[in-house]
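Shown next, in structure tokens, is the structure this report addresses.
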Amino acid sequence: MRGSSTAEAEERRMWLRLTPDEQAALTAAGHLKVWQPGQVLALQGSPPSSVFVVLRGWVKVSATNYRGDDAPLAARGPSEIVGELGPISGLARTATMSAIDEVHTLVVTREKFVGVLRARPRITEEILRMAAIRLQQSDRLRLESGGPDFPQRLAAVLLELALQHESGQAGEQVELRFNQGELAGFARVSRSTLIRGLDELRKLGVVRTARQRITITQPLALRELAAGRPPPPPASQT
Numbered sequence: 003m004r005g006s007s008t009a010e011a012e013e014r015r016m017w018l019r020l021t022p023d024e025q026a027a028l029t030a031a032g033h034l035k036v037w038q039p040g041q042v043l044a045l046q047g048s049p050p051s052s053v054f055v056v057l058r059g060w061v062k063v064s065a066t067n068y069r070g071d072d073a074p075l076a077a078r079g080p081s082e083i084v085g086e087l088g089p090i091s092g093l094a095r096t097a098t099m100s101a102i103d104e105v106h107t108l109v110v111t112r113e114k115f116v117g118v119l120r121a122r123p124r125i126t127e128e129i130l131r132m133a134a135i136r137l138q139q140s141d142r143l144r145l146e147s148g149g150p151d152f153p154q155r156l157a158a159v160l161l162e163l164a165l166q167h168e169s170g171q172a173g174e175q176v177e178l179r180f181n182q183g184e185l186a187g188f189a190r191v192s193r194s195t196l197i198r199g200l201d202e203l204r205k206l207g208v209v210r211t212a213r214q215r216i217t218i219t220q221p222l223a224l225r226e227l228a229a230g231r232p233p234p235p236p237a238s239q240t
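Just remember that my numbering sits 2 ahead of the position in the sequence shown, which is counted from 1.
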């Protein structure tokens, strides 16, 4: 994808950036819990009673606005921490977190989490680093969703979502764990408009769709589309 995308993805996986002693401290302070698909880890507006380290599976983060619309915000995967800012601020949850597939987490209560942070301030530094990266990604996603040409705009939105998910090498396929309704929310369009845009991208051979997921099959070609340039032909046609 982008030259720095894999490095940025690794920066966001905070658990991997912690030392063994820091991981052990959080593990000792928490307990393991398994969530089934669709199960809610924490509700928007609820007290920030726990922090979750995702060990396996994917968690969807979404929020409801004042009009009652449910908007997806992100998906968090293995080695990421979710729900960490509420326990630090003491404010109610600003988003709902739910399991996309079977999710295994380390659950640390707010009191124990704050205690670990006080004893090991470097963990706090890593949380700030992760929060800054996520804020930058969110800003880019909002920027990309405002372009005039929809296929180009959709390509840019998919590219930015892929950056959040990426864990492999540049050019590899990326599987996005969102359904079409959620993707329409990211792109700020109706579902019918999204379907037409996806159909165009499918015809170009850059995406493949299935229930609850969209696979970017040609990430480099998608990047060309996002930049407003014709994509190169697939490798099999060269």
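Quick reminder that beta carbons are idealized off the backbone N, C-alpha and C, glycines included.
On a predicted model such as this, the values are computed, not experimentally measured, just so you know.
Would DSSP call residue i helix, strand or coil?
i	result
ALA158	helix
THR96	coil
SER140	helix
ARG120	helix
ARG231	coil
SER169	For SER169, the predicted structure reports a pLDDT of 49, less than 50, and the residue's modelled location is therefore unreliable. A value from the coordinates is still provided. Looking at SER169 - three-state DSSP - the assignment turns out to be coil, as it is neither helix nor strand.
THR29	helix
THR126	helix
LEU20	coil
ARG112	helix
CA-CA distance, residue i and residue j?
i	j	result
LEU178	ALA27	32 Å
GLU128	GLN139	17 Å
GLU202	VAL61	29 Å
THR29	LEU108	7 Å
GLN25	GLY230	44 Å
GLU82	LEU227	30 Å
LEU20	GLU184	32 Å
LYS35	PRO22	21 Å
ALA157	GLN46	30 Å
SER48	ARG124	28 Å
LEU161	LEU206	15 Å
GLY70	TRP37	26 Å
TYR68	PRO232	40 Å
ARG190	VAL56	28 Å
In chain order, what residues of the same chain have a beta carbon less than 8 Å from the beta carbon of residue i, not counting five sequence neighbours either side?
i	result
THR211	GLN182, LEU200, ARG204 and THR217
ARG58	PRO80, GLU104, VAL105 and HIS106
GLN175	THR217, ILE218, THR219 and PRO221
ALA186	SER192, ARG193, THR195 and LEU196
PRO89	PRO50, SER51, SER52, VAL53, ARG112, PHE115 and VAL116
ALA121	ALA27
ARG213	ASN181
With burial defined as no fewer than 16 other Cβ atoms inside 10 Å of the residue's Cβ, what is the status of residue i: buried or exposed?
i	result
LEU32	Note that residue 32 is Gly in the sequence shown, not Leu. With 16 or more other Cβ atoms within 10 Å, it is buried.
GLY92	exposed
LEU224	buried
THR98	buried
SER52	buried
LEU137	exposed
VAL208	buried
ARG78	buried
LEU18	exposed
ALA134	exposed
ARG95	buried
Apart from the five residues just before and just after residue i, which ones in its own chain have a Cβ nearer than 7 Å to its Cβ?
i	result
ASP72	SER64 and THR66
GLN41	SER100 and ALA101
PRO39	ALA101, ILE102, ASP103 and GLU104
GLN239	Residue placement at GLN239 cannot be trusted, given a pLDDT of 44 that sits under 50; what the coordinates show is reported in the next sentence. Same-chain partners within the cutoff: there are none.
GLU86	VAL53 and ILE129
VAL110	LEU28, ALA31, GLY32, SER52 and VAL53
GLN154	LEU227, ALA228 and GLY230
CB-CB under 6 Å to residue i, same chain, minus the five flanking residues each way: which ones, in chain order?
i	result
LYS114	ALA31
PHE1	This structure cannot speak to residue 1, because the chain is shown only from 3 to 240.
VAL84	PHE54, VAL61, ARG78 and MET99
ALA44	GLY85, ARG95 and MET99
ARG215	GLU177 and ARG179
MET16	ILE83, GLU128 and MET132
THR126	LEU119
Whole alpha helix (DSSP H) runs in the segment 37-106 with 4 or more residues, listed along the chain?
87-91
What residue ranges within the segment 175-238 form continuous alpha helix (DSSP H) runs of no fewer than 4 residues, ordered along the chain?
182-189, 193-205 and 221-228
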